[in-house]
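In what follows, a single structure is set out as structure tokens and then discussed.
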Amino acid sequence: MVVFSTHPDSAIFSPAPPLGFGGAFAENFRQLQADTNFVRTLANSTVISVLYTLLSMLLTSMAGFAFAKYAFRGRNLLFGIILATLTIPSFVTIIPQFILVARDLHLSNTYWAVILPTLANTIGIFYMRQAFQTVPDDLLHAARIDGAGEWRTFWQIALPVVRPALAALAILLFLASWNDYLWPLIVLNQKDSYTMPVALGTLVGLTRVSWGALMVGTTIATLPFLALFLALQRHFVAGIAGGAVKD
Amino acid sequence: MTTTLPTPPRARRRFQAAPYLFVLPYLLIFASFWAWPIVSSFLLSFKDSRLGATAPWSVANWTRLAGDEFFRTALKNTFVILIIQVPTMLLMATGLAVALNSRMLRARGLFRFAFFAPLVVGTVAYSAVFRLLFNTDFGMVNRALGGLGLPPVDWLNQPGPAMTVIILALLWRWTGYNAIILLAGLQGIREELYEAASIDGATPWEQFWKITVPMLRPTLLFCLVLSLIGTLQLFTEPALITNSGPGNATMTLGTYLYQQGFRSFNFGYASTIAYTVAAIAAVVSLVQLRLFGRDA
Chain D
1 MVVFSTHPDS AIFSPAPPLG FGGAFAENFR QLQADTNFVR TLANSTVISV LYTLLSMLLT
61 SMAGFAFAKY AFRGRNLLFG IILATLTIPS FVTIIPQFIL VARDLHLSNT YWAVILPTLA
121 NTIGIFYMRQ AFQTVPDDLL HAARIDGAGE WRTFWQIALP VVRPALAALA ILLFLASWND
181 YLWPLIVLNQ KDSYTMPVAL GTLVGLTRVS WGALMVGTTI ATLPFLALFL ALQRHFVAGI
241 AGGAVKD
Chain L
1 MTTTLPTPPR ARRRFQAAPY LFVLPYLLIF ASFWAWPIVS SFLLSFKDSR LGATAPWSVA
61 NWTRLAGDEF FRTALKNTFV ILIIQVPTML LMATGLAVAL NSRMLRARGL FRFAFFAPLV
121 VGTVAYSAVF RLLFNTDFGM VNRALGGLGL PPVDWLNQPG PAMTVIILAL LWRWTGYNAI
181 ILLAGLQGIR EELYEAASID GATPWEQFWK ITVPMLRPTL LFCLVLSLIG TLQLFTEPAL
241 ITNSGPGNAT MTLGTYLYQQ GFRSFNFGYA STIAYTVAAI AAVVSLVQLR LFGRDA
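Residue numbers (full-length UniProt numbering), protein chains in the order written: chain D, 1 to 247; chain L, 1 to 296.
Shown next, in the form of structure tokens:
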């Protein structure tokens, strides 16, 4: 993929496909930019994914903290309901979500249309609850005795303790948002509001595809994350394995 | 002289607002974008949405579904993928996980990376690469077949081969992920069990069936249920690699729902399809729980 991104189409489809790097990267990129306004879609994707990740982390860790560290009326019932929806295929909600976002809230083609519906991430809350359960109660009591309010106890004491879990969650959320295809495809219908997967998807669907341009797009979309992933993979793998399977 | 000690904090009995405030933002989003849509979708399935909000209640969508040939095709295709891909993937993933778990293997980090890389590559990107690889005239797969003296296959324009490509794509993407989860499960099995078994003279093969498989059952079940729900909702690969084609040969429940909901804008009927998918998922999950026990 990376190699192909540097060659013209004629070389990609030649009887002996190139194995080394070629010199057509710039030309392919120009083609890609012309076809999809790629720079714009890259910016869209970045803003959406960053906002989504930060907001979703905040929501799920706040709720996860409450579920892990407070005994309150309705806790088990609420948590049960939230967990039960995990087994319901997301297909069931996609039509009403679309009606709500596009027709009732008039958010089509905005960042919020993409961000809002999946913000209350179920796996996230489950995962953060597990993480906060490992925080000793004594630590929180000590903070309260020292006069910290509930919010400060959460923000300055509990949250820093679960930082590794937050890091793993951040990567998962960011990746999910960065690579999401179906939902952005549904709520975005103007070229300039497309996220990167949607823009690349329009290229794949065409009968005459500029493969070189497509490969440039997929390379740019993927390589930074492969690098990030390589750097953080220890946390990442442990995080997924720990969150997914619980004895 | 008496020293005054600070009174120890007593467990508070009065109403506490804090936990509710912590949960509230999450709940607002959850209720409006998840809980309500689940109900709303069910209601929609009893409306002919093409007539607008004033449409009378009816079971027309459900009777239509019962006689819908395209729905049957989508259902059949989805199950073909489900029945071939999911067991194959779990077998491969278990094999990989067992191999990775053995202490002989070095460079574990590298393998983990290799397992996860397919997930980091976006679905659109990898779908594009699969289209390129399986291109009839230029694709590397046909070139490799040619190198082995085999005739080229018109992968994306024939029903059987197109389905094969979809299944291969799914295997490539998800096997490693499941292997990682299974690996975590394997590492939870206590070493003493194997030691005791080898003292009793159990062969590695017996150990695998009598210890590994039973102990791994909850994890396998978890992978099975997740894969099942995922496959029932399969959309991106058939949409981007084969465009549901040729004809409707790789149309899945997911692409059919998309077509009804967002191409024909028939929300009511699309909701009916969505609820059917949910019902199938629920039934198959229950059957699995029965078959594999309740210990997950």
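Heads up, the beta-carbon is just placed ideally off N, CA and C, and yes, glycines get one too. Note that the structure is a prediction, hence the values are computed from the model and not measured.
Nearest residue (CA-CA) to residue i, options the options
i	options	result
residue 237 (chain L)	L:57, L:131 and L:280	L:131
residue 187 (chain L)	L:169, L:62 and L:94	L:94
residue 165 (chain L)	L:246, L:181 and L:226	L:246
residue 171 (chain D)	D:124, D:193, D:42 and D:72	D:124
residue 269 (chain L)	D:229, D:96, D:100 and D:73	D:96
residue 96 (chain L)	L:264, L:174, L:206 and L:255	L:174
residue 72 (chain D)	L:71, L:27 and L:19	L:19
residue 239 (chain L)	D:173, D:56, D:185 and D:220	D:185
residue 126 (chain L)	D:26, D:221, D:28 and D:30	D:221
residue 192 (chain D)	D:138, D:39, D:132 and D:156	D:39
residue 110 (chain D)	D:150, D:132 and D:41	D:41
residue 195 (chain D)	D:46, D:27 and D:30	D:46
residue 58 (chain D)	L:25, L:143, L:271 and L:226	L:25
residue 36 (chain D)	D:223, D:230, D:228 and D:218	D:218
residue 149 (chain D)	L:116, L:233, L:22 and L:280	L:22
residue 214 (chain D)	D:140, D:25, D:32 and D:126	D:32
residue 271 (chain L)	L:171, L:118 and L:253	L:253
residue 277 (chain L)	D:60, D:90 and D:175	D:90
residue 101 (chain L)	L:223, L:181 and L:196	L:181
residue 183 (chain L)	L:147, L:144, L:124 and L:115	L:115
residue 61 (chain L)	L:266, L:144 and L:213	L:266
Neighbour-count burial assignment, residue i, 16 or more Cβ in a 10 Å radius
i	result
residue 328 (chain D)	With chain D covering only 1 through 247, there is no way to say anything about residue 328 (chain D).
residue 231 (chain L)	buried
residue 162 (chain L)	buried
residue 140 (chain L)	exposed
residue 287 (chain L)	exposed
residue 153 (chain D)	buried
residue 76 (chain D)	exposed
residue 189 (chain D)	exposed
residue 221 (chain L)	buried
residue 183 (chain D)	buried
residue 190 (chain L)	exposed
residue 85 (chain L)	buried
residue 17 (chain L)	exposed
residue 176 (chain L)	buried
residue 260 (chain L)	buried
residue 283 (chain L)	exposed
residue 69 (chain D)	buried
residue 152 (chain L)	exposed
residue 245 (chain D)	Here residue 245 (chain D) scores only 40 on pLDDT, less than 50, and its place in the model should not be relied on; the value that follows carries that caveat. It counts as buried.
Chain L residues whose Cβ lies nearer than 8 Å to that of residue i
i	result
residue 212 (chain D)	Near residue 212 (chain D) there are no residues of chain L at all, since even the closest Cβ is about 11 Å away, more than 8 Å.
residue 116 (chain D)	29 and 33
residue 119 (chain D)	29 and 33
residue 70 (chain D)	16, 18, 19 and 22
Start-to-end residues for the alpha helix (DSSP H) that takes in residue i
i	result
residue 71 (chain D)	It is not in any alpha helix (DSSP H) - residue 71 (chain D) carries neither H nor E in the DSSP assignment.
residue 141 (chain D)	137-145
residue 41 (chain L)	36-44
residue 172 (chain L)	159-187
residue 67 (chain L)	Where residue 67 (chain L) is concerned, there is no enclosing alpha helix (DSSP H), given that its DSSP letter is neither H nor E.
residue 178 (chain D)	163-179
residue 35 (chain D)	25-36
residue 215 (chain L)	213-232
residue 251 (chain L)	Segment: none, residue 251 (chain L) is in no alpha helix (DSSP H) and carries neither H nor E.
residue 246 (chain L)	Per DSSP, residue 246 (chain L) belongs to no alpha helix (DSSP H) and is neither H nor E.
residue 124 (chain D)	122-133
residue 125 (chain L)	123-133
residue 142 (chain L)	140-147
residue 205 (chain L)	204-207
beta-carbon residue i near the ligand COA non-hydrogen atom, thresh 7 Å
i	result
residue 171 (chain D)	Among the components of this structure there are no ligands whatsoever, and the ligand COA is therefore not found.
Beta-carbon neighbours of residue i, restricted to chain L and to distances below 7 Å
i	result
residue 181 (chain D)	123, 124 and 236
residue 225 (chain D)	120
residue 130 (chain D)	Under the 7 Å cutoff, chain L gives no residues; its nearest Cβ is about 14 Å from residue 130 (chain D).
Interface residues of chain L facing residue i [CB-CB closer than 9 Å]
i	result
residue 80 (chain D)	Correct list: empty, because the minimum Cβ distance to chain L is about 13 Å.
residue 140 (chain D)	Going along chain L, no residue has its Cβ under 9 Å from residue 140 (chain D), so there is no contact; the nearest lies around 11 Å.
DSSP-derived helix/strand/coil call for residue i
i	result
residue 287 (chain L)	helix
residue 5 (chain L)	Model confidence at residue 5 (chain L) stands at a pLDDT of 49, short of 50, so the residue's coordinates are unreliable; what they give is reported in the following sentence. Reduced to three states, the DSSP call for residue 5 (chain L) is coil.
Contacts of residue i in chain D (Cβ-Cβ under 7 Å)
i	result
residue 127 (chain L)	204
Amino acids of chain D, ordered along the chain, whose beta-carbon sits closer than 8 Å to that of residue i
i	result
residue 64 (chain L)	Near residue 64 (chain L) there are no residues of chain D at all, since even the closest Cβ is about 16 Å away, more than 8 Å.
residue 26 (chain L)	59, 60, 62, 63, 120 and 125
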